[in-house]
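Structure first, commentary second.
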Amino acid sequence: MWPKSCLRNSQPVEDLELTKRRFGRAFWVVMNISWAISGTECELQKPNMTENGLGNRVLNMDTMNPNVKRVEYAVRGPIVQRALQIEKELKEGVEKPFTEVIKANIGDAHAMGQKPITFLRQVVALCTYPDLLEDDKFPEDAKNRARRILQACGGGSIGAYSASPGIEIIRQDVAKYIEKRDGGIPSDPDSIYLSTGASDAIVTMLKLLTSGEGKNRTGVMISIPQYPLYSAALAELAAVQISYYLDEDKCWSLDVNELRRAVKAAREHCNPRALCIINPGNPTGQVQSRQCIEDVIRFAAEEHLFLMADEVYQDNVYAEGCQFHSFKKVLFEMGPEYSSVVELVSFHSTSKCFMGECGFRGGYMEVVNMDPEVKLQLTKLVSVRLCPPIPGQALLDLVVNPPQPDEPSYATFIKERTANLDILAEKAKMTEQVLNTVPGIHCNPVQGAMYTFPRLSLPEKAINAAKVCLSIPLFHPPSLLIDLSFPCLFLMLSCLILPIPIPSVLLFNLLYLRVGERPGSRHVLLYEAAGGDWYLPGSR
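In this text, residue positions in the sequence shown follow UniProt numbering: the first is 1, and each later residue adds one.
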């Protein structure tokens, strides 16, 4: 029987019974998976705010910042909250048909079993507890690196604040890394700002770019499908999101004609000022060609746009014939016509690539051709947050300045680095191959990054059942069912996850339910974990 206690007055029981008979098993699949995610709790009656004395609070939903209410960040949204609740229930001994929740809602390599790089952790350990410098178990190159970092810290301790843009010698090392990566193109340490992961730097730059009201509001171009950080930040800043679509039929490539369409339409209601590119792509896993990057740079010059290059996956390139090209390198190789005028900021992080050190929150941005007076304002803006975490800065230094061939840690470092990247490449290929064996699913080749974004072709009966489910307000919290993608993805999960021959595990596969897509298409995002021993159906 249908749980009448979960019904609201707006939905007669007779309609529900009719719906069940009409759609049959498809209806129950959608509803059961929905309950599995959201739980079977009924919507709770809202407390009487006047009676309990909470009605006169200074800060409430009516008085809070309306921009914050518009922020949506599906990476850590309601499905993730439900996963955490299920984990808690399992620890409390609640019986379920599984014993573990594998959360793949975010690109967190170490959480999924990837092993840390030995040299990175050795140096950070030495910096954290300098007494270990006397321990013979640590190699001399790790000790020398730790001493160098500690000497640059206030009081010789990573517990001290640094300069707001970051420790000077680390910014110098980042500049040398960029110069080497880009074939000798100069990099100025004073144009490098260390950050709390790349996300912090991205939001800082968007703050700097945002201005105006009405039709003069700043518009920022972001790719669809997108990484939700951008739309969330733009909503918080009351800026305008200008969506441009990647071409799925051409392996998620970027077509400059689509950029022209998007910016032309946007000029009617905002002031387009910036263009964001993620390369390699998140969530689509493409690696943009050099020709594509040149076209984007020309477009930015023509339209007078500030370029933001998110390059945190620059070491994650797997497909044969693909190569990472930094926007800065291509910009300067195009000559002074572009390199002297196009404004660019590029981002990198310790969280991805072979490191996967998300928790250290290390990153940087490099600005090119920025107005000197605006650059002073940028320095002021980062100063408000004092400084990035010093352990994260230390880790970043080791990423951009790794062991050299004549140092004792080099062989182990190269072995571990290569192993991590090889595993990611292997799982990218495996994921693509397995998904393409499933009827109704199409997956493009995974060229880079850490994600797969396959297209779903769902039966019409399932889609109709999902539409009906949306009209039945049964679930708590109700925000779990807010658009057609949710029940469709639940149906996808019932087909792909439940038959997996791991009956003791509940997989919360990575669901980016608001990354955006072309109208009429349906996708699900999967994170290809570097570690762990779980596998996709049919992969063994």
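C-beta: ideal position from N, C-alpha, C; glycine also.
So, helix, strand or coil for residue i, using DSSP?
i	result
Asn271	strand
Met308	strand
Val174	helix
His110	helix
Leu120	helix
Tyr129	coil
Val68	helix
Leu237	coil
Ser195	strand
Ser349	strand
Arg455	strand
Met221	strand
Phe278	The amino acid occupying residue 278 in the given sequence is Ile; Phe does not appear at that position. Correct three-state label for Ile278: strand.
Met370	coil
Val330	helix
Thinking C-beta only, is residue j closer than 8 angstroms to residue i?
i	j	result
Leu209	Ala274	yes
Asn316	Ala449	yes
Arg417	Thr196	no
Phe119	Ser349	no
Tyr227	Pro280	no
Gly214	Ile242	no
Thr452	Glu432	yes
Tyr230	Cys292	no
Gly440	Leu424	no
Glu366	Ile86	no
Leu194	Tyr338	no
Ser141	Pro403	Looking at the sequence shown, residue 141 is not Ser but Asp. Yes. Within cutoff.
Ser326	Arg181	yes
Val256	Met221	no
Ala109	Gly285	no
Gln114	Phe138	no
So, at 7 angstroms on beta carbons, what are the nonlocal neighbours of residue i in its own chain, with the 5 sequence-adjacent residues on each side left out?
i	result
Phe306	Leu209, Arg273, Ala274 and Glu343
Ala125	Leu132
Pro445	Cys251, Ala319 and Glu432
Gly183	Lys329
What separation, rounded to the nearest whole angstrom, lies between the Cα atoms of residue i and residue j?
i	j	result
Ala111	Pro336	45 angstroms
Tyr313	Ser346	12 angstroms
Ala146	Ser383	26 angstroms
Asn67	Glu407	52 angstroms
Cys127	Ile169	15 angstroms
Thr437	Asn464	25 angstroms
Phe299	Asp188	26 angstroms
His442	Arg171	43 angstroms
Cys234	Asn65	The sequence given here has Leu at residue 234, not Cys. The alpha-carbon atoms of Leu234 and Asn65 are separated by roughly 14 angstroms.
Leu150	Ala394	9 angstroms
Phe354	Leu421	6 angstroms
Glu95	Glu89	8 angstroms
Val374	Leu237	19 angstroms
residue 541	Ser253	No answer is possible for residue 541: the residues shown for the chain start at 1 and end at 540.
Phe490	Glu460	At Phe490 the pLDDT is 48, less than 50, meaning the model places this residue with poor confidence and gives no usable figure here.
Val101	Glu92	14 angstroms
Phe332	Asp247	27 angstroms
Leu84	Phe98	14 angstroms
Ser157	Leu206	32 angstroms
Ile185	Ser289	20 angstroms
Thr379	Ala198	16 angstroms
Val368	Val341	9 angstroms
Leu381	Val296	28 angstroms
Between the options, which has its C-alpha nearest residue i's C-alpha?
i	options	result
Gly212	Leu259, Asp249 and Val240	Val240
Gly155	Pro445, Pro130, Glu140 and Trp252	Pro130
Glu303	Ser162, Leu259, Ser340 and Ser164	Leu259
Tyr177	Leu398, Gln85, Leu234 and Val123	Leu398
Ser223	Ala266, Pro165, Tyr193 and Ile278	Ile278
Leu386	Ala152, Arg267 and Ala160	Ala160
Lys328	Glu179, Val400, Gly113 and Val374	Glu179
Cys358	Glu320, Gly392 and Val341	Gly392
Glu268	Glu311, Val296 and Asn216	Asn216
Ala419	Leu254, Pro116, Met61 and Val400	Pro116
Ala265	Asp136, Ala175, Tyr244 and Leu206	Tyr244
Phe324	Glu311, Glu333 and Met334	Glu311
For residue i, which residues from the same chain have a beta carbon less than 6 angstroms from its beta carbon, with the 5 sequence-adjacent residues on both sides left out?
i	result
Val287	Pro280, Val317, Cys322, Gln447 and Gly448
Lys415	none
Thr63	none
Cys153	Ala160
Val203	Ala233
Can you name, in chain order, every residue of its own chain whose Cβ lies under 8 angstroms from the Cβ of residue i, other than the five neighbours on each side?
i	result
Pro389	Thr196, Phe360, Arg361 and Gly362
Ala163	Cys387
Lys143	Leu126 and Leu133
Closer than 7 angstroms to a non-hydrogen atom of the ligand MN - does that hold for the CB of residue i?
i	result
Thr452	As presented, the structure is devoid of all ligands, the ligand MN included, so that no description of it is given.
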